[in-house]
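Here the structure comes first, spelled out in structure tokens, and everything after it is commentary.
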Amino acid sequence: MPVLETTFQKIISFALNNEKEAAEFYTDMSTRAKKQNAKTMFSELAAEEMKHREFFEGLAEDRLPDLPVEKVVDLKISEYLVDVEFKQDMDYQDILILAMKKEESAVKLYNDMATKVQAPKLRKLLEAMAQEEAKHKLRLETEYDENVLAED
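When we follow this note's numbering, the leftmost residue of the sequence shown carries the number 3, and every step to the right adds one.
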């Protein structure tokens with residue numbers, strides 16, 4: 003795990019890179035998915051990650067928005083699953099596990115970064131971004147619950 007940076011520019015640069023990687027991951031997963039609903043879900047997640055990137059690109063330290071931080075339900079499914087490594091021939095279950103684990107890490111990362119900054123607005127911004135990633139995790143966990151666990 004990288005050392006957490008606490009200056010505004012370093013945080014934004016790091017977040018931009020994370021959001022770009024997430025968008026690329028979901029775009030790739032949308033091309034690998036066989037079911038149309040999975041393709042749609044991954045495409046929508048990629049678009050949301052790109053919106054996050056655009057949001058970070060438009061931020062200025064002296065004009066940080068006051069975003070609401072809302073509580074997102076955590077099904078905690080990913081916490082009980084074993085990590086999987088990316089493989090070219092991954093099945094849908096493993097793709098979902100990998101995606102859930104990535105979102106779980108993103109939530110933790112944004113929350114950890116929030117604890118390291120002094121500026122209240124920047125802290126709240128990072129907490130709000132953690133909740134955005136928690137929404138993605140919830141969506142993936144719900145998909146896993148309904149379409150993988152339900153098949154057993």
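Positions of the beta carbon are idealized from the N, C-alpha and C atoms, including for glycine. From a predicted model like this one, the values you see are computed outputs, not experimental measurements.
- Counting of Cβ neighbours within 10 angstroms places Leu128 among the buried residues, the total reaching 16 or more.
- When Cβ pairs closer than 8 Å are counted between the two stretches, the segment 87-100 is seen not to touch the segment 6-20, the count staying below three.
- Rounded to whole angstroms, the Cβ separation of Leu77 and Leu140 is 7 Å, and the two are in contact under 8 Å.
- In the three-state reduction of the DSSP assignment, Ala40 falls in the helix class.
- Close CB contacts of Glu135 within its chain, under the 7 Å cut and outside five residues either way in sequence, are with Glu105, Ala108, Val109, Tyr112 (chain order).
- Cβ-Cβ distances below 7 Å link Ala101 to Met31, Leu142 in the same chain, with the five nearest sequence neighbours on each side left out; the list follows chain order.
- Ala25 and Met52 do touch by the CB rule: their CB atoms are close to 5 Å apart, below 8 Å.
- Taken through DSSP and simplified to helix, strand or coil, Val109 comes out as helix.
- The Cβ neighbour count for Ala62, taken over all protein chains shown within 10 Å, is under 16; the residue is labelled exposed.
- By the neighbour-count definition (other C-beta atoms within 10 Å, threshold 16), Glu72 is an exposed residue.
- In its chain, beyond the 5 residues on either side, Tyr112 have a beta carbon closer than 6 Å to the beta carbon of Met131.
- According to the DSSP assignment, Ala132 belongs to the alpha helix (DSSP H) that extends over 122-149.
- For Glu50, the CB contacts under 8 Å within the same chain, skipping 5 residues up- and downstream, are Glu134, His138 in chain order.
- For Met92, there is no enclosing alpha helix (DSSP H), since its DSSP letter is neither H nor E.
- Its chain contains Lys126, Leu127, Ala130 as the residues whose beta carbon lies nearer than 7 Å to that of Leu69, once the 5 sequence neighbours on both sides are disregarded; these appear in chain order.
- Annotation: the continuous alpha helix (DSSP H) that includes Lys12 extends over 10-34.
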